[in-house]
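*Asks:* Counting in the UniProt record's numbering, the sequence shown runs from 1 upward without gaps. Can you read through this structure? Questions will come right after.
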Amino acid sequence: MSAPAVTRRLLPASATRRLPRWLDGLLEAVGLPLVLLVLWALSALVAPNRYFPAPWRIAEAFVKTWVGESFFVDVLPSIGRLLVGLALAIVIGIAVGLLIGSVRWLRQFVEPVFEFFRAVPPPMLVPLLAITLGIGDTAKIAVIVAGAVWPILLNTVEGVRAVDAVQRETATSYQLSTVQRVVYLTLPSAAPQIMAGIRQSLSIAIILMVISEMTNSSSGLGLRITFFQQNFQIPEMWSGIVLLGFIGIALALLFQIAERLVLGWYRGLKETERA
Numbered sequence: 001m002s003a004p005a006v007t008r009r010l011l012p013a014s015a016t017r018r019l020p021r022w023l024d025g026l027l028e029a030v031g032l033p034l035v036l037l038v039l040w041a042l043s044a045l046v047a048p049n050r051y052f053p054a055p056w057r058i059a060e061a062f063v064k065t066w067v068g069e070s071f072f073v074d075v076l077p078s079i080g081r082l083l084v085g086l087a088l089a090i091v092i093g094i095a096v097g098l099l100i101g102s103v104r105w106l107r108q109f110v111e112p113v114f115e116f117f118r119a120v121p122p123p124m125l126v127p128l129l130a131i132t133l134g135i136g137d138t139a140k141i142a143v144i145v146a147g148a149v150w151p152i153l154l155n156t157v158e159g160v161r162a163v164d165a166v167q168r169e170t171a172t173s174y175q176l177s178t179v180q181r182v183v184y185l186t187l188p189s190a191a192p193q194i195m196a197g198i199r200q201s202l203s204i205a206i207i208l209m210v211i212s213e214m215t216n217s218s219s220g221l222g223l224r225i226t227f228f229q230q231n232f233q234i235p236e237m238w239s240g241i242v243l244l245g246f247i248g249i250a251l252a253l254l255f256q257i258a259e260r261l262v263l264g265w266y267r268g269l270k271e272t273e274r275a
């Protein structure tokens, strides 16, 4: 008799029952946030603090602040700049990474330059880009791209370098064209590391979106949150922070869907190897 069968015979029936998968996943996703929210509410009741208002005050400020005209004036423009900056970072990072990863001498030539620019904090570029590109959306998008592109680019380079040598020789023996090699060999092999780079870039892009809007801006989440902070509108400031968290969660969920579509074959391969 197998070990799982013996375990089922020894344990009571109620202990072997499992929650439905959807309910189990829901509890895993919201369990800790609910516990923290309850602790926060109890703390606000026992020891009120002006700078850490109660959750219900933040919820009230959230509705008053962001439901209405502000959603179209501040939230949507910020999300638009964020998505455009991410899209450009992904395209540039993958394209340049494929080129550099495929050409050894080019990789050795540009590596010192990349290390220099990667070490420059993207927020330091805000004044420079404001001078050269103005205070419009172009400069803000450029700040997002300047910071979010590096994880994608570097992971793409490493993914291209890690392509199996036997597969490269097979592609050469079959006389595949450059485009065919990229589409059928290089991109699929490097896809796991590319997706890892994109995942890292999501949080970086949100941070840079806020920073780029804090100065020289007429709208956006960063501008409004800074305004609330400077005017000691604490619940409104916290409501903006909560909204940024919701945007991050939404991006993470969308990324998970995209990752499953792109890496479905990879997950199946790993499961087959484990079996």
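All C-beta atoms in this analysis are idealised placements derived from N, C-alpha and C, irrespective of residue type, glycine included.
Comparing alpha-carbon positions, which option in 146, 235, 70 lies nearest residue 206?
*Replies:* 146
*Asks:* Residue range of the alpha helix (DSSP H) that residue 160 falls in?
*Replies:* 137 to 161
*Asks:* Considering just the uninterrupted stretch of the alpha helix (DSSP H) at residue 220, what are its terminal residues?
*Replies:* Counting along the chain, residue 220 falls outside any alpha helix (DSSP H), and DSSP gives it neither H nor E.
*Asks:* Look at the Cβ atom of residue 89, then the Cβ atom of residue 152, and state whether they are nearer than 8 Å.
*Replies:* yes
*Asks:* Measure from the alpha carbon of residue 122 to the alpha carbon of each residue in 102, 204, 42, then state which is nearest.
*Replies:* 204
*Asks:* Do residue 131 and residue 217 come within 8 Å of each other at the CB atom, strictly closer than that value?
*Replies:* no
*Asks:* From residue 180 to residue 260, what does the alpha carbon distance come to, in whole angstroms?
*Replies:* 23 Å
*Asks:* Compare the C-alpha of residue 125 against each of 174, 112, 140 and name the closest.
*Replies:* 140
*Asks:* Quick check on the DSSP output: the alpha helix (DSSP H) that includes residue 255 runs from which residue to which?
*Replies:* For residue 255, the enclosing alpha helix (DSSP H) begins and ends at 234 to 262.
*Asks:* Quick check on the DSSP output: the alpha helix (DSSP H) that includes residue 197 runs from which residue to which?
*Replies:* 187 to 214
*Asks:* Assuming contact is defined by CB atoms lying nearer than 8 Å, are residue 202 and residue 213 in contact in what I supplied?
*Replies:* no
*Asks:* To the nearest angstrom, how far is the alpha carbon of residue 192 from that of residue 186?
*Replies:* Our two residues, residue 192 and residue 186, have alpha carbons roughly 11 Å apart in a direct line.
*Asks:* Please determine, among 173, 229, 100, 247, the residue with the shortest C-alpha to C-alpha distance to residue 50.
*Replies:* 229
*Asks:* At the level of alpha carbons, what is the spacing between residue 111 and residue 156?
*Replies:* Approximately 14 Å between the Cα atoms of the pair.
*Asks:* Quick one: using the 10 Å Cβ neighbour count with 16 as the cut-off for buried, is residue 82 buried or exposed?
*Replies:* Residue environment: residue 82 is assigned as buried (16 or more neighbouring CB atoms within 10 Å of its CB, all protein chains considered).
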